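Here the structure comes first, spelled out in structure tokens, and everything after it is commentary.
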Amino acid sequence: MTEKDYKTALRMITYERIHHLRDVEHRSIQRIADDLGLNFRTVKKYLEMSRDEFEEFTNSIIQKPFVLEPYKEFIVQRLSLYPDTSAAQMHDWLKENYPKLPDLSPKTVYNYVMKLRSDYSIPKVTIKERQYKALPLTPPGVYAQVDFGQKKLRTSTGKMRTVYFMAMLLCNSRHKFIYFQDKPFTSESAVTAHEKSFEYFKGIPRNIIYDQDAVFLYDENIGDYVMTAVFGSYVKSRPFNVIFCRPADPESKGKVENCVKYVKQNFLHNRTYTTLDNLNREAVSWLNRTGNMMLHGTTCKVPYDEWCKECKDLHPYYPVATRKQEDGHQVMKTNSVKYHGNIYSVPLGTYRDDTSRVLLVESNGDLIISTMDGHEIARHIIPSGRGNTVINDRHYQDTSTKLQDAISDIEKLFRNESAIKLMVAELKARYPRHMRDHLTTIQTCVVKYGQEVADAALEQCVSKRLYSANDFKAFAESFKKPEPEVAPEIKPLGDESARMLANFDPGRSSISTYQGVWNS
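Each residue of the sequence shown is one higher than the last, beginning at 39 in the numbering used here.
Below, the structure is given as structure tokens:
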């Protein structure tokens, strides 16, 4: 049987089935369409045809050749090698390997790929569901897990208040501790929560497992972790090792994930919020009453009883004075900060309310602006003088000034017109997305170091083919003239008569006079 005969037979079976459901079972057109997976218009069209009309209609259908038929062998080969290939990826492979491929819609490629999958029995392989296995009980005192949670509580006045908490759980005993606060955790507050946990546990575990959370990590690159300044310093002061989960893999610390869920559904559910201190006191009472005193569903043991055994294997805990959190500098509504008479921009959204603050640090002529956690969010060159407004266009796009106007302003700052035009052209070609930033850096250097230094730096950049604002800045700093040493002004002491006495030269007698008196 040919493919055409097979499809004709299928259409005839469908036709008979539709008429049976309509004439014998008296079903509606829409229900027939739903049962057979057809469009209701198709069902209606088939019902309006007699058998002879339907056969004539079927014979009149001409099977058009598939546009992708010439590429059938290539597609089947790729599908056999890589069964998980999507139609979109196959479309790209076809365009990559056949430059003269006709312009096709993604739906056309999808239909043909699905046809070949059916013809050659190549089902699409999906990612297998993750398989789990039971793990042995971890040794006492070796591992703990940390995670964060939040939940909205109703106050006595009926308003909703969001509370945030950090949970730490000892993996062996399942002994847990939770610490609440009324704002999102920072590195500083997370350190405080750690100290509270160690105090409650009366010891410190050897290893603690974390998510790759911004509270703890500043950057990560295939296993190389850069912790925030605050948390990194704290880890060095305490005898535990940090272990970070792989990205998007919270299941690797499922014990504390379940702990967070337990806290939300048992302790926090339908609890009325009064004050933060009361909530933390109530949490400790709940832990001592329920959280650590009830039989654990997995271990079938009481966490408190197991903690009594595990406690001796923990590192001893000695309280340390945690560093007081800096007050920081207030962020203005314009998403900027004032510092030593100048205004510096910060990224849009840094200002949330009147309590928004950032940390400011000077380093090598730059002003580094960081969040209260120590995450750098902006860096500006400190201009000379006061009353300057330093803006980074990436912080909030200034649509009032066109890029061409900014280029014109920069070109007016230099004497060598051809050199600056070449510099601008190269910057535009190399850094199209960061063009404004480079122009801003160059402009700031001109203001800070002056015309002569800027011209010399530009000449060096062009001659050495170093077309970057950072190179321009480096040359400008190297050409900066040292500040002339001012000789200190010496102010004489006393009035005029005192100075006359100081300069008075008394008379001197000859030594022979004294020798004569001595010998007589």
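The beta-carbon is built from N, C-alpha and C at its ideal position, and this holds for glycine as well. Given the structure is predicted, the values throughout are model-derived calculations rather than measurements.
- Contact annotation: the region 241 to 260 touches the region 337 to 355, with at least three C-beta pairs closer than 8 Å.
- Distances from the alpha-carbon of residue 337 to those of 68, 213 and 484 put 213 closest.
- Residue 150 and residue 106 have their C-alpha atoms some 7 Å from each other.
- Note that the C-beta distance between residue 248 and residue 283 is below 8 Å.
- Straight-line spacing of the CA atoms in residue 191 and residue 325 works out to 19 Å.
- Counting only residues of its own chain and dropping the five nearest sequence neighbours on each side, residue 348 has a CB closer than 8 Å to the CB of 178, 179, 208, 210, 211 and 213.
- Residue 416 is bridged by DSSP to 407.
- In the pairwise beta carbon analysis, the region 132 to 139 is classified as touching the region 101 to 121: at least three pairs are separated by under 8 Å.
- Rounded to the nearest angstrom, the gap between the Cα atoms of residue 239 and residue 221 is 25 Å.
- The DSSP-derived three-state label of residue 325 is helix.
- Taking C-beta separations shorter than 8 Å and ignoring five residues to either side along the sequence, the partners of residue 422 in its chain run 485 and 486, following chain order.
- In terms of CA proximity to residue 54, 89 leads the group 394, 480, 45 and 89.
- In the structure shown, residue 397 falls within a strand segment according to DSSP collapsed to helix, strand and coil.
- Inter-residue distance for residue 138 and residue 84 is about 41 Å (C-alpha atoms, whole angstroms).
- By the Cβ neighbour-count rule, residue 394 is buried, with 16 or more other Cβ atoms within 10 Å of its own.
- Following the DSSP letters along the chain, one finds residue 380 inside the beta strand (DSSP E) bounded by residues 380 to 383.
- As DSSP reads the structure, residue 217 sits in a beta bridge with 204.
- Counted as a single uninterrupted DSSP element, the beta strand (DSSP E) harbouring residue 182 occupies residues 181 to 193.
- Between residue 255 and residue 264, the C-beta gap is smaller than 8 Å, which places the two residues in contact.
- In this structure residue 461 is in contact with residue 505, their Cβ atoms being roughly 6 Å apart against a cut-off of 8 Å.
- Each of 333, 408, 382 and 205 was checked against the Cα of residue 366, and the nearest Cα belongs to 408.
- In this model, residue 327 and residue 342 are separated by some 10 Å (Cα to Cα).
- Across the set 410, 45 and 501, the C-alpha of 410 shows the shortest separation from the C-alpha of residue 252.
- Scanning its chain for C-beta atoms nearer than 6 Å, with the 5 sequence neighbours on each side dropped, one finds around residue 494 the residues 517, in chain order.
- The C-beta separation of residue 215 from residue 201 comes to about 16 Å, leaving the pair out of contact by the 8 Å criterion.
- The Cβ neighbour count for residue 508, taken over all protein chains shown within 10 Å, is under 16; the residue is labelled exposed.
- Residue pairing by DSSP puts residue 248 in a beta bridge opposite 282.
- In the displayed model, residue 123 falls within coil according to three-state DSSP, outside both helix and strand.
- Residue 353 is bridged by DSSP to 242.
- In this structure, the CA atom of residue 75 is about 21 Å from the CA atom of residue 146.
- Per DSSP, reduced to three states, the secondary structure at residue 176 is coil, with no helix or strand assignment.
- Distance between residue 400 and residue 117, taken at the CA atoms: about 59 Å.
- Counting of Cβ neighbours within 10 angstroms places residue 122 among the exposed residues, the total staying below 16.
- DSSP, reduced to helix, strand and coil, places residue 391 outside both helices and strands of the structure shown, so it counts as coil.
- In terms of Cβ geometry, residue 274 and residue 183 do not form a close pair [threshold 8 Å].
- Within the DSSP bridge table, the entry for residue 367 names 396 as partners.
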